[in-house]
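Using the working numbering, read the sequence shown as starting at 1 and increasing by one per residue. Below you'll find the structure, written out as C-alpha cells, and then a few comments.
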Amino acid sequence: MHPEVRLDQPVPCPLCGMALEPLTPTANDGDNEELRDMTRRLWISAALTLPLLWAMAGELFPAVNPMELFGHARVAWAQLLLATPVVLWGGGPFFVRGWQSIVNRNLNMFTLIAIGTGAAWLYSVVATLFPATLPASFLNADGSAPLYFEAAAVIVTLVLVGQVLELRARDRTSGAIKALLRLAPTVAHRVDEAGEETDIDLADVQVGDRLRVRPGENIPVDGQVMDGSSHVDESMLTGEPVPVRKSPDDAVSAGTTNGSSSLLMRAERVGGDTLLSRIVHRVAEAQRSRAPVQRLVDRVAAWFVPGVVVTAIVAAIVWAVTGPQPALAHALLVGVSVLIIACPCALGLATPMSIMVGVGRGAQAGVLIKDAEALERLEKITTIVLDKTGTLTEGRPSLQAVIAAADADEAELLRWAAAVESSSEHPLGRAIVEGAKARDLSIPPVADFDSDPGLGVWGQVGESTIRVGNERLMERHQIDVTALQQAAEQARDRGATAVFVAAGSTAAGLLVVEDAIKATTADAIAELRARNLRVVMLTGDNERTARAVAGRLGIDETIADVLPGDKADIVSRLQREGAIVAMAGDGINDAPALAQADVGIAMGTGTDVAMESAGVTLVSGDLQGIVRAVRLSHRTMRNIRQNLLFAFGYNAIGVPLAAGILYPAFGLLLSPVWASLAMSLSSVSVISNALRLRTARI
C-alpha cells in the first residue's frame, strides 16, 4: 500500500504490514501464495477454535459449563493445547509483522493485534501452568484464575478471516488488469513472402511482420491493415460498443476483436510498446499511487496506533484501581479489547481499495488514470478547456473546395499548395495533400521549406515562393486577400477553415478545409455544462470559424486565433483567476498546456507526447470519455469518503465501548471476542463498499 516501498520478493510491506502490489502485472490466474497460506491457517485455526467456543457458551449457560463438568484444571489444559497452535502458528505472521513494525518504528494494525492476542495468551499460559504466582486481584471468587485462551484464538481466527477476505478482494481489484492482459492472443499467424502462414508465439512477433487475423480472433499487436476489410470490436479498450470499420491503411490495436472477415496486417508496435501493454502499465502504476486525501489518513495513522496503546494502558490502569474484582483480570480484558477493536485495518484499506477498484473500472471504460492525484483533482475542476481540432472534431479535416483568384487555375493552385504542405505535419496540410491526390494531380517538389506555427508554411515551387496559411500570414507578407474575403467568410460561417494561397506577392486563391465534429461531442458538452462546469474552446482558427463551431455545440466561451505556444499561458491565466482547470487536447503543441492544467486530459487518438503530459488519457479519443472520467472521479472520491466515515466512525464508537464506558450504567463489558468481530466487520464493510465501484455506471 506504500508505493515508495520496492522489494524483490512478495513479502508484506515493512511500513503497514499489508501485501505489496506487483510492479509487473500478469494475466496468470495461478494461486496467490499469500492467499493460499492464509486460507490454510484460517481453516486449521477455525477447526481448533470451534471447541473453545464451548467454554464461552458455558459462561452464558452454567448447566453446560465445561469447567463445572470436567474441572477447571482439565479444561485449562485442553484450552492451552487447542489455543496455542492457533495463536502461535495461525497468528504467526501477525506477530512477525507486529515485531517488524516496532523494529521499523512504524506501528500499525499488526502491532495492536500482536500485543492484544499475545497478552491474552501469555497471561492464560501463566494462569494454567503457574496459578499460584498470580495475585488475588487476578482470581475469581472461587479462587480460580480466569482464562482467555478462547478470546486469543477467536481473535486470531477472525483476523485471519479479514486477511483472507482482503486478499481475495485485492485479487478481484486486479481483475481489470488481468482481463486486459488476456485480450492479447498467445499465438500469431505470420505470413511469409510466398503467402505461407506459420503460427508463432506472440513474443516472437517482430516489427514489420505480416500477420493474418482470422474472423473472430483478437488482434495480436498494434499495426496497420494491409489487405482486407472488416469491422473490429474495440470496446474492450475504448468502452465504445459499436464496432469500427477497418480497411487498408487503417490502424488496429492489440487486444481488439476482428469481425467476420480476414485481415492481413503489418506489425508496427510489439511487446511492451503496444497500446494494450501501455494501458496495463498505466493502470498498474495508478493503482499503486496514493491520493492526496491519503495524506490526512497517514497523519492520523501516525498518531493513531500509539494513541490506542496509551488508551489501552490508561483504561487498564483505571480498571485495575477502581474496577470490581477480579480487578486485574478485568483490567487485562479491557486493555486487550481496546487494542483489538481499535485495530486500524479499515482505516488502512479505506483509500487504497477505492483507488484500486476505481482505476480498474476506468480502464474498462477506456479512461486511463495516470495516478490517484489526478483522479482526486478531477473531482474539483470548475473549468474545462477544450482544444478544437482532434478533441471536438474528428481531427481528420478534408478539402471541401478550391477557389482560385481571377488569374489563377484551380488545379495549379492546389498543386502549389500540396507541394508546400507535403513537408508539413499539420492536419490541415495533410488534408490539402490528400485532396490533391484524390484529384490525381502530380505534386511538384518544394525547396527552402519553412513554417511559422499558428500562421502557415512556405517554400519554393518552381520559380515562385508559395505561401499557404491564414490571413495573418498574408498580412505579415503584405499580400492583399480582399478579393477572397467574401468566400472566406462564407466558409467560416459554416465552421470551415479558410486557407489562403499566395504565389510571390499575389493572392492566388483560397482552399476550404473542414473538420467534421465528432458525433458525440454535442451530448458530451451538454452533460459537462449540466454539471455546472465552465466550458472554454481553444482554437487557432479565425474568430468567425470558432464561433460557428461553438454555436453548433452550445459552447458560450471561445478563444480563437490562439498560437500553439499561447495555450499554456491561457490555462495559467484561468488558474490565476481562481479556476481549477482541466485541459483536453491531442497534439504535441498541447503538451505544455496539459502539463500546466490542474488535470491534463489527452485524447488517445493523439500523440504520445500529449498522453505522457496528461493525468488522464481517453483511449477512444471521444469527448464522452471526459464525462466518464468526471463521473468516475466523483464516484470514487465519494466512495473514499464513505469508507473513511466507516473507519473513523467505527473507532469513535468502538474504543469507548471497549474501554467499558457502559459498565457503570448498564454493567456491560465488551469481550475481546466481540471486539475482534467488530474489527473484522469494519474491514469487510470497507472492502465491500469499495468493490461496488466495479459495477458503477460511468
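Yeah, the Cβ is synthetic: ideal placement off N, Cα and C, and Gly gets one too. Since this is a predicted model, take the numbers as computed values, not measurements.
Discussion item. Within the continuous beta strand (DSSP E) that includes Leu-386, where are the two ends?
Written reply: 383-387
- State yes or no: is the C-beta of Ile-479 within less than 7 angstroms of the C-beta of Ser-505? yes
Note down, in chain order, each residue of its chain lying with its Cβ closer than 8 angstroms to the Cβ of Val-501, except the 5 sequence neighbours on either side. Apart from sequence neighbours up to five positions away, the residues of its chain that approach Val-501 with a beta-carbon distance below 8 angstroms are Leu-413, Trp-416, Ala-417, Ile-466, Arg-467, Val-468, Ala-507, Ala-508, Gly-509, Leu-510, Leu-511, ordered along the chain.
**Asked** In the structure shown, what three-state DSSP assignment does Gly-606 receive?
**Response** No answer about Gly-606 holds up, because its pLDDT of 48 lies below 50 and its placement is not dependable.
Cβ contact check for the segment 554-566 and the segment 439-456: 3 or more pairs under 8 angstroms
Touching, yes, given that three or more Cβ pairs across the two stretches are closer than 8 angstroms.
Check: If we count the other Cβ atoms within 10 Å of its Cβ and call it buried at 16 or more, is Gly-606 buried or exposed?
Finding: Reliability of the predicted coordinates at Gly-606 is poor, the pLDDT of 48 falling under 50, and the value obtained from them is presented with this limitation in mind. It counts as buried.
- prompt: Based on the DSSP secondary-structure assignment, which residues constitute the bridge partners of Trp-458?
  reply: Under DSSP, Trp-458 shares a beta bridge with Asp-450, Arg-467.
Within the same chain, show all residues whose beta-carbon is closer than 7 angstroms to that of Val-367, passing over the 5 residues directly before and after it, in chain order.
-> Val-616, Leu-618, Gly-625, Arg-628, Ala-629, Leu-632
Gly-429 versus Leu-349: straight-line alpha-carbon distance, rounded: 53 angstroms
query: Who are the Cβ neighbours of Leu-183 in its own chain at under 7 angstroms, not counting the five residues just before and after it?
result: Excluding sequence neighbours, Leu-183 sits near Asn-218, Met-236, Gly-255, Leu-276.
Alpha carbon of Ala-595 to alpha carbon of Ala-582, nearest angstrom:
The alpha-carbon atoms of Ala-595 and Ala-582 are separated by roughly 10 angstroms.
Subject >> Where Lys-567 falls: helix, strand or coil (DSSP) >> reply: Judged by DSSP in its simplified three-state form, Lys-567 adopts helix.
task: Rounded to whole angstroms, what's the CA-CA distance from Met-637 to Leu-167? Just pull it up for me.
output: 22 angstroms
- Message: Whole angstroms are fine: how far does the CA of Val-225 sit from the CA of Glu-202?
- Response: Correcting the residue identity first, residue 202 is Leu in this sequence and not Glu. Rounded to whole angstroms, Leu-202 to Val-225 spans 18 angstroms at the Cα level.
Our contact map puts Ile-384 next to Leu-533 with C-beta atoms below 8 angstroms; I'd like the distance itself, whole angstroms only.
5 angstroms
Task: Inter-residue Cα distance where the pair is Ile-580 and Asp-598 - done: 6 angstroms
**Neighbourhood of Ser-354 by C-beta, 7 angstroms cutoff - its chain only, sequence neighbours within 5 removed** = Thr-636, Asn-639, Ile-640, Asn-643, Ala-690, Leu-693
(request) Please confirm if the segment 386-394 is in contact with the segment 429-441, defined as three or more CB-CB distances below 8 angstroms between the two stretches. (result) These segments do not touch.
Checklist entry - According to the neighbour-count rule (16 or more other Cβ atoms, all chains shown, within 10 Å of its Cβ), is Gln-79 buried or exposed? => result buried
Going by DSSP in three states, His-281 sits in which element: helix, strand or coil?
helix
Quick one: what's Arg-396 bridged to in DSSP?
DSSP output for Arg-396 lists no bridge partner at all.
Could you tell me which of Gly-585, Gly-358, Leu-623 sits nearest to Ala-614, measuring between CA atoms?
Gly-585
Burial state of Ser-230, where buried means 16 or more other Cβ atoms lie within 10 Å:
buried
Quiz prompt | Glu-193: first and last residue of the uninterrupted beta strand (DSSP E) it sits in | solution = No beta strand (DSSP E) contains Glu-193, which DSSP labels as neither H nor E.
Own chain residues within Cβ distance below 8 angstroms of Asp-227, not counting five before or after: Pro-248, Leu-263, Leu-264
| message | Cutting at 8 angstroms between CB atoms, please list the residues of its own chain near Thr-311, excluding the five before and the five after it. | response | Val-338, Ala-342, Val-655, Ala-659
**Message:** Using the Cβ count rule (16 or more neighbours within 10 Å means buried), how would you classify Arg-377?
**Reply:** buried
Can you give me the start and stop residues for the beta strand (DSSP E) that His-231 sits inside?
For His-231, the enclosing beta strand (DSSP E) begins and ends at 230-233.
Item to check | Residue ranges of each alpha helix (DSSP H) within the segment 399-454, 4 or longer | outcome: 410-421, 427-438
Straight-line gap, Gln-364 to Leu-528 (C-alpha atoms, nearest Å)
21 angstroms
Which of the three DSSP states is assigned to Thr-256 in this structure?
coil
* **Every unbroken alpha helix (DSSP H) within the segment 493-575, with a cutoff of 4 residues, ordered by chain** => 521-530, 543-553
Among Ala-491, Glu-475, Glu-150, whose alpha-carbon lies nearest the alpha-carbon of Thr-549?
Reading the sequence as shown, one finds Val at residue 549 and not Thr. Here the closest residue by C-alpha is Ala-491.
In chain order, what residues of the same chain lie with their CB nearer than 7 angstroms to the CB of His-634, ignoring the 5 residues before and after it?
Glu-379
| In or out: Phe-94 buried (at least 16 other Cβ within 10 Å) or exposed? | buried
- prompt: Since Val-156 and Val-86 are thought to touch, with beta carbons under 8 angstroms apart, how far apart are those beta carbons, to the nearest angstrom?
  reply: 5 angstroms
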